[in-house]
Structures are given as structure tokens and as C-alpha cells.
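One structure below.
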Amino acid sequence: MAHRYDLIVSGGHVIDPSQGIDAMRDVALADGKVALVADNIPADQARDVIDARGLIVTPGLIDLHTHDFWGASRYGVDADTVHIARGVTTVVDAGSSGAHTFPAFRKYVIDRAMTRIYVMLNISGMGMALGYAGLEDIRWAKVEHAVRVGKEHRDVVLGVKARIPPLPAESYREVLRRAIDAAEGMDGIFMLHLGGTSIPVVERLNMLRPGDVLTHSFRYSPGGNGILDSEGNVLEEAWAAKERGVVFDVGHGKGSFSFETMERATSQGFLPDTISSDLHIGNVDRTVYDLHTTLSKFLHLGMRLDEVIRLGTEAPARVIGKSDELGTLRPGAVGDVTTSKLEEGRFELSDSGGRRVVEATHRLTHVKTIKGGREYRRYLA
1 MAHRYDLIVS GGHVIDPSQG IDAMRDVALA DGKVALVADN IPADQARDVI DARGLIVTPG
61 LIDLHTHDFW GASRYGVDAD TVHIARGVTT VVDAGSSGAH TFPAFRKYVI DRAMTRIYVM
121 LNISGMGMAL GYAGLEDIRW AKVEHAVRVG KEHRDVVLGV KARIPPLPAE SYREVLRRAI
181 DAAEGMDGIF MLHLGGTSIP VVERLNMLRP GDVLTHSFRY SPGGNGILDS EGNVLEEAWA
241 AKERGVVFDV GHGKGSFSFE TMERATSQGF LPDTISSDLH IGNVDRTVYD LHTTLSKFLH
301 LGMRLDEVIR LGTEAPARVI GKSDELGTLR PGAVGDVTTS KLEEGRFELS DSGGRRVVEA
361 THRLTHVKTI KGGREYRRYL A
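So the sequence shown is numbered by our numbering: it starts at 1 and just counts up by one.
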């Protein structure tokens, strides 16, 4: 008997914010794509069936900020071990490689990984191979080199990332200008690491364009060195940036997420646009762990489950210009599905640096990953 579908994910609570679905549904996959989301799809129409009763079924999770250049960057993790094996089908590597190191990143990591990896190219030609930023000498920041690589690898490179170390103010501004010029030159996104004190935050905010990403937006920044002023109010320039389309990303990381900052911002109506982990070797076994753990912190902060899922699926897909194929369960989209469990109990969750440890009553945990219509199994990696 010929089967209509390759796989049915059956009986789960489907949450697909891109379609406004928040109900019990089945998801059928065929030829690597989503074929149908409906009630009670007959099991005999599929070659395989996954029982998702009692589980949350979502589009494959997307992490907008990770570090995956294992073996060449001091922060690199093994993508398949920590992403697809934990429910994240698509990631954006944020600056691990630069124009000179990207070819190796592509050949030895991206093209071999089961996790789908996109790249924000570091404005430093050496990426993060020479330390956390690679920009202690700004001669490494060559606009023409970044643009050339970005154009040659447009299927993978989305834009440019800058994490600028403590530099004299004019050097900082020069690197920032070069990074934005490079992003414009490849018609890409610019992602800026929020940190450092070389130039005022408001000046950096004012330079960001619609569609650019400010990552680590909700870090602990006493004294007004973040999106909050010294009195805890969201900066007018941050509001203006959000209104013109700048993306305020979480980018949790080892030192870049604060419950206090998030609570102060959200109490004023200033919400994150995307939730990402900034997963790297320094936090994969502590504090951050994975994207599910990061999403769980926003459940604890009172965000609705469907909104949390949106910020880890549809929202990042839109940021990277892939919303027609990723972050959605619309028929014809790529067949990426994540099943998760919403657990109840007592769970410790920490912000960066352990400034606050909370006891949550719910958390999301990974159960299964489907990428391109196939269930991921570790032994196939």
C-alpha cells in the first residue's frame, strides 16, 4: 500500500503562532515538508507515526544566537550535540567566523552538520579565533573581505556581527561603521553585541537600521550602560529603535541576561522580539544549557506559552528572512517539528552570573526533533 505521508505526529497540542494554531492537532509530513495540520489524520496514511499525546508540538525551534565553530573558536560547541539533539533545528552562529576563517567553518562544520546553520559573519576577518572579539587590532576589520565572502555564500551568510572590545572611542566608532557598511554591502543584517563603555549606548542605538539586531538586550547594566537608564527606565532611544524596526534579542549567554532588567523593561511594555540562548562552551553545562531552558525562564516571568513559542520560532524566522519555510507548520514549509513536554514541579532557573536564582513551577523540556520530515536520532548524526 502506498502511503500518502511519510510521518504523522499524532495527538499533540500543536502551537504554531504563524497560523494562530493552539489546539490538539495531527501534523503530517511528506517529501521533507509539512503536508497537513488537521484533526485525526488516519494513521494508516503514513509510513510512520509518532505518538505526541501529552506533548507540545511546535515548528522546529530556531536559535538566533549561538557559537558553533567547534575546534577553531574558543567558544564553539558541537552543533548537533547541543542543538538538533535538543529540539533546535536551525541556528544562527553569531560571529564565530570571519572572512578568512569562514571557508573552513563551512566545509568542516556547516556542510556536515544535521543542524541547519546560518551565519552572521564577524567583521573581524579572523572571527573569534583570536580571542573573544578578534578586534584588538582593527586592521582585521576589512569591509571588502566581509562583503566578498557574504556575497559568495549568500545561501548561508545572513549578515555581519560585531562584538567590539574596549577600544578608544574613535576606534570603536570606526569598527561599528565598517560592520554596518559590510552588512549593507552584502544586503544583510547587522547584529551588535550590547556591551562595553567605549561610546554611549544611545549612540550605538541610533546607528542601528530597521531589521538590525541588538543582542544581549536585557543584560545587567547598572549605571545606565544598557537599555535602561540609571533610574531603571527604558531609554527613549531604545523605544525609538524598536519603533523603526530594530530587533531586541535576548542572547542569554554566560553574562548577558538579567531577571531584574527583563522585569523592569517588561513592566514598561518593552518586550523582547526574539529569545536566543547565546549557547557556547562556557554555558552549555551551566546556567543556559539549551534553548528550552532559556524559553522556560520567560514562562516563569509570566509570558504566555504561545508567545514564548513564537519568540523561538516564527519571530526569528522573520528576522532572518525565512518565515515562508522555517518557524511555521504551514503546508509546504520545511518539515521541521519539535515535540516538548511542559513539566510541572519545582525547578531552579538562574539568570547570568547567578545574580538571581528562581524556583519555577513549569519548564519546557525536549522530547523529539524532526528535521526535513525525518526524526532525528543521535546515531544517524
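Using N, Cα and C, we set each Cβ at its ideal position, and we do this for glycine too.
CA-CA distance, R148 to R355, rounds to 42 Å. For P59, there is no enclosing alpha helix (DSSP H); the enclosing beta strand (DSSP E) has its first and last residue at 56-59.
The C-alpha of A85 lies about 7 Å from the C-alpha of Y376. A distance below 8 Å between beta-carbons, with the five flanking residues on each side excluded, links L301 to the following residues of its chain, in chain order: F259, M262, E263, T266. Its Cα nearest to that of V37, the residue V57 stands out among R47, D44, V57.
Residue state for S10 is assigned as strand, using DSSP reduced to three classes. In the structure shown, L364 adopts extended strand secondary structure according to DSSP, grouped into three states.
Per the DSSP secondary-structure output, E263 pairs with nothing in a beta bridge. Residue range 201-207 is occupied by the alpha helix (DSSP H) that includes M207. Taking 8 Å as the cut-off, the beta carbon of G125 is found no closer than this to the beta carbon of H153.
One thing to note: R74 has its Cβ no nearer than 8 Å to the Cβ of G11. Comparing alpha-carbon positions, the option among D155, F190, L135, A30 lying closest to V175 turns out to be L135. Given a length threshold of 4 residues, each whole run of the alpha helix (DSSP H) inside the stretch 255-341 is given here in chain order: 259-267, 291-300, 305-311, 314-319. With fewer than three CB-CB distances shorter than 8 Å, the stretch 34-50 does not count as touching the stretch 279-299. Residue environment for A35: buried (at least 16 other C-beta atoms within 10 angstroms of its C-beta). About 13 Å separates the beta carbons of I180 and Y172, which is beyond the 8 Å limit, so they are not a contact pair. In this structure, the CA atom of I41 is about 16 Å from the CA atom of A2. The C-alpha of F69 lies about 34 Å from the C-alpha of W239. Note that the stretch 335-347 does not touch the stretch 206-213; fewer than 3 beta-carbon pairs, one per stretch, sit closer than 8 Å. For the 8 Å CB-CB criterion, T115 and H67 do not form a contact. Comparing alpha-carbon positions, the option among A141, M120, V201, E231 lying closest to D187 turns out to be M120. By the beta-carbon neighbour count (other beta carbons within 10 angstroms, threshold 16), G195 is buried. Annotation for I199: A169, Y172, R173 place their beta carbon closer than 7 Å to its own, counting only its chain and skipping 5 residues before and after. Taking 8 Å as the cut-off, the beta carbon of H252 is found closer than this to the beta carbon of S352. Assignment of V147 by DSSP, reduced to helix, strand and coil, places it in the helix class. Between L291 and G312, the C-beta spacing is below 8 Å.
Checking the DSSP bridge columns, you'll see T369 partnered with T338.
In the displayed model, L121 falls within a strand according to three-state DSSP. Secondary structure note for K242: it is in no beta strand (DSSP E), and the uninterrupted alpha helix (DSSP H) holding it is 236-243.
Secondary structure at L64: strand, using DSSP grouped into helix, strand and coil.
In the structure shown, the three-state DSSP call for L194 is coil.
Of all alpha-carbon atoms in T89, G185, Y289, D63, the one lying nearest the alpha-carbon of D273 is that of D63. Within the same chain, Cβ atoms closer than 6 Å to the Cβ of G232 are found at R264, the five residues on either side in sequence being excluded.
In the DSSP assignment, I180 falls within the unbroken alpha helix (DSSP H) covering 169-185.
Cβ contact annotation for D324 (same chain, cutoff 6 Å, sequence separation greater than five): none.
Apart from sequence neighbours up to five positions away, the residues of its chain that approach A129 with a beta-carbon distance below 7 Å are A72, S73, T101, ordered along the chain.
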